[in-house]
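To keep things clear, I will list the structure first and then write my remarks on it.
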Amino acid sequence: MVRNEEIYKQALAFRQRGFTYVEIAKICGISKATVSNWCSKKKFSKVVAKDNAARASRENTKRLSLLNKARSSERKTRYAEAIKSAETEYSHYKKDPHFVAGLMLYIAIGDQNSPLQLRLSSSRPELHKVFIRFAVAYLGVDKATFKFWLTLYPTHDEVQAMKHWSKKTSLSVAQFYKSQVIPGQSTKATLQFGVGNTIIGSTVLKHKLNRWIELALKEF
Numbered sequence: 001m002v003r004n005e006e007i008y009k010q011a012l013a014f015r016q017r018g019f020t021y022v023e024i025a026k027i028c029g030i031s032k033a034t035v036s037n038w039c040s041k042k043k044f045s046k047v048v049a050k051d052n053a054a055r056a057s058r059e060n061t062k063r064l065s066l067l068n069k070a071r072s073s074e075r076k077t078r079y080a081e082a083i084k085s086a087e088t089e090y091s092h093y094k095k096d097p098h099f100v101a102g103l104m105l106y107i108a109i110g111d112q113n114s115p116l117q118l119r120l121s122s123s124r125p126e127l128h129k130v131f132i133r134f135a136v137a138y139l140g141v142d143k144a145t146f147k148f149w150l151t152l153y154p155t156h157d158e159v160q161a162m163k164h165w166s167k168k169t170s171l172s173v174a175q176f177y178k179s180q181v182i183p184g185q186s187t188k189a190t191l192q193f194g195v196g197n198t199i200i201g202s203t204v205l206k207h208k209l210n211r212w213i214e215l216a217l218k219e220f
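No gaps in the numbering here: position 43 of the sequence shown is 43 in the numbering used here, and each next residue is one more.
What follows is the structure, encoded as structure tokens:
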């Protein structure tokens with residue numbers, strides 16, 4: 001039995017017009033549970049629920065599409081700005097021997113394929129130090145944001161290797177990712193502590209560095 005027949009009829013009428021339980025509850029001044037109790041067993045209410053769900057799905061898809069377009073546009077703008085600033089900065093840095101050294105080092109052994117990160121791989125800690133100093137001085141990278149991981153053989157002592165590389169690169173062990181252990185055994189003295197990989201995760205900085213490399217190669 002319904003205590004307030006008028007509100008009950010209003011609730012059903014609003015539901016037939018496509019209103020949600022929450023909306024009806026607010027309009028009629030009743031709880032959502034009451035609206036559900038009145039409407040949930042009505043055949044038309046089930047149709048409304050299905051239509052509302054379909055509409056919400058379409059709206060969410062549309063919102064996500066717009067959001068993705070906005071994000072894509074924002075990324076393109078940031079990449080364009082990075083390239084533009086790279087061109088200006090290159091004209092100031094190109095005669096700086098430390099800048100040139102870092103750039104040539106990356107051209108020689110840095111990762112050129114991934115658009116998402118800068119990565120330098122070498123078994124020589126001193127080369128990593130050059131790259132780290134280059135990234136801090138010219139790319140503005142905070143030293144605490146560098147990541148590092150080791151390529152090791154099963155015969156390596158991982159803890160000893162991590163301590164060695166941490167000391168040589170001045171990076172905290174807390175910045176190290178899990179080491180990659182590969183089958184086999186190193187016979188080279190230079191691989192006593194494995195191969196180090198210095199990582200900077202930044203698509204924007206990769207665009208900037210790539211532009212510097214393009215400009216430098218044009219001058220050779």
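Virtual Cβ for every residue (Gly too), placed ideally from N, Cα, C.
Every value quoted in this text rests on a predicted model; they were computed, and no experiment measured them.
Practice problem: Mind reading off the beta-carbon distance from Ala75 to Ile199? Whole number of angstroms is fine, and I expect it under 8 angstroms. | Solution: Residue identity check: residue 75 is Arg in the sequence provided, not Ala. Not a contact, Cβ separation roughly 20 angstroms.
Quiz item: In the DSSP assignment, what residue or residues form a beta bridge with Ile200?
Solution: Leu118.
Quiz item: Do you know how far the Cα of Phe99 is from the Cα of Tyr138?
Solution: For Tyr138 and Phe99, the distance between alpha carbons rounds to 7 angstroms.
Self-check item: Ala54 versus Gly18 - alpha carbon distance
Solution: Taking the straight line joining both Cα atoms gives about 12 angstroms.
Quiz item: In chain order, what residues of the same chain lie with their CB nearer than 8 angstroms to the CB of Thr20, ignoring the 5 residues before and after it?
Solution: Within the same chain, Thr20 has close Cβ partners Asn52.
Self-check item: Among Glu87, Tyr177, Ile30, Thr77, the one whose alpha carbon lies nearest that of Ile7
Solution: Nearest of Glu87, Tyr177, Ile30, Thr77 to Ile7, Cα basis: Ile30.
Quiz item: Does the stretch 142-157 come close enough to the stretch 104-114 to have 3 or more Cβ pairs within less than 8 angstroms?
Solution: Flag = no, the stretch 142-157 and the stretch 104-114 do not touch.
Quiz item: Leaving out five residues before and five after Val22 in sequence, what residues of the same chain have Cβ atoms less than 7 angstroms from its Cβ?
Solution: Within the same chain, and ignoring the five residues on either side of Val22 in sequence, the residues whose Cβ sits closer than 7 angstroms to its Cβ are Lys32.
Practice problem: Would you kindly report the start and end of the unbroken beta strand (DSSP E) that includes Thr151? | Solution: Counting along the chain, the beta strand (DSSP E) containing Thr151 begins and ends at 147-152.
Quiz item: If you drop the 5 nearest sequence neighbours on each side, which residues of the same chain put their C-beta closer than 6 angstroms to that of Leu116?
Solution: Close CB contacts of Leu116 within its chain, under the 6 angstroms cut and outside five residues either way in sequence, are with Thr203 (chain order).
Quiz item: What does a CB cutoff of less than 7 angstroms around Gly184 pick up in its chain, not counting 5 residues either side in sequence?
Solution: Counting only residues of its own chain and dropping the five nearest sequence neighbours on each side, Gly184 has a CB closer than 7 angstroms to the CB of Tyr153.
Exercise. Could you pull out every residue in the same chain whose Cβ sits closer than 8 angstroms to the Cβ of Tyr177, ignoring the five residues on either side in sequence?
Key: Here the set comprises Lys147, Phe148, Trp149, Ile199.
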